[in-house]
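Below is one structure, written out as structure tokens; the observations come after it.
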């Protein structure tokens, strides 16, 4: 059995265990008001809606590296969040980053219709302690108001990831609002 098949099988089993997180909002998982206040106090904005322009098909996908900064961008744009929880030494995470998240159709869809957030346990321990992460990678889709709409564990190939996004956010709508790459919390 190859690496991907093993990861997929483990992911399916763990997804069944973790499905109880769906439908919970981030607010139910803990109070982020102090962090949100600190982000707001910086005066930085993650949306340049007043200077909106269509997203180029070749534009680089930029990931927010904190839940708070990504959540603010989601509220500002009305787009759902895709939260990719990864670990530095996770082989399945690396395969998903290389084969799925960098694939042009996935990258373009995330750019135009979602707010991508990448969280790591070492730099987001407080937030991730409120979410039941049993394996890496874990991918969540959440409404801009914070409700977790879907939760998947394990490697997802391109077609499966597209299906996951469609099932989780069937009413996703494209927007011309762009995210300012100079804002706090954005990583390339």
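Residue numbers (my numbering): 110 to 297. Each residue gets a CB set at the ideal place from its N, CA and C atoms; glycine is no exception.
Is the closest heavy atom of the ligand SAM to the C-beta of residue i under 8 Å?
{"i": "residue 194", "result": "This structure lacks the ligand SAM; in fact it carries no ligand of any kind."}
Near residue i, what residues of its chain come up, given a Cβ to Cβ distance below 7 Å and the 5 sequence neighbours on each side ignored?
{"i": "residue 166", "result": "Because the pLDDT at residue 166 is just 43, under 50, the model does not fix this residue reliably, and the value given afterwards should be weighed accordingly. Same-chain partners within the cutoff: 217."}
{"i": "residue 280", "result": "none"}
{"i": "residue 188", "result": "222, 223, 224, 253 and 284"}
So is residue i buried or exposed if we call it buried at 16+ other beta carbons inside 10 Å?
{"i": "residue 171", "result": "buried"}
{"i": "residue 260", "result": "buried"}
{"i": "residue 238", "result": "exposed"}
{"i": "residue 234", "result": "exposed"}
{"i": "residue 177", "result": "buried"}
If I measure Cβ to Cβ from residue i and keep anything under 8 Å in the same chain, skipping five residues before and after, which residues do I get?
{"i": "residue 112", "result": "Only weak support exists for where residue 112 lies, its pLDDT of 47 falling under 50; the value from the coordinates is given anyway. These residues qualify, in order along the chain: 200, 201 and 204."}
{"i": "residue 197", "result": "229 and 231"}
{"i": "residue 271", "result": "214, 215 and 218"}
Compute the beta-carbon to beta-carbon distance between residue i and residue j, rounded to the nearest angstrom, for a pair I have assumed lies under 8 Å.
{"i": "residue 266", "j": "residue 208", "result": "7 Å"}
{"i": "residue 250", "j": "residue 219", "result": "Contact flag wrong, Cβ pair sits at about 11 Å."}
{"i": "residue 224", "j": "residue 255", "result": "Not a contact, Cβ separation roughly 12 Å."}
{"i": "residue 182", "j": "residue 193", "result": "Rounded, the Cβ-Cβ distance is 15 Å, inconsistent with contact."}
So what does DSSP say about residue i, is it helix, strand or coil?
{"i": "residue 278", "result": "coil"}
Might you give, ordered along the chain, the residues of its own chain that have their beta carbon closer than 6 Å to the beta carbon of residue i, omitting 5 neighbours on each side?
{"i": "residue 242", "result": "194"}
(request) Within the segment 170-252, note down every full alpha helix (DSSP H) run reaching 4 residues or more, in order along the chain. (result) Here the runs fully enclosed are 176-186, 200-205, 213-222 and 234-237.
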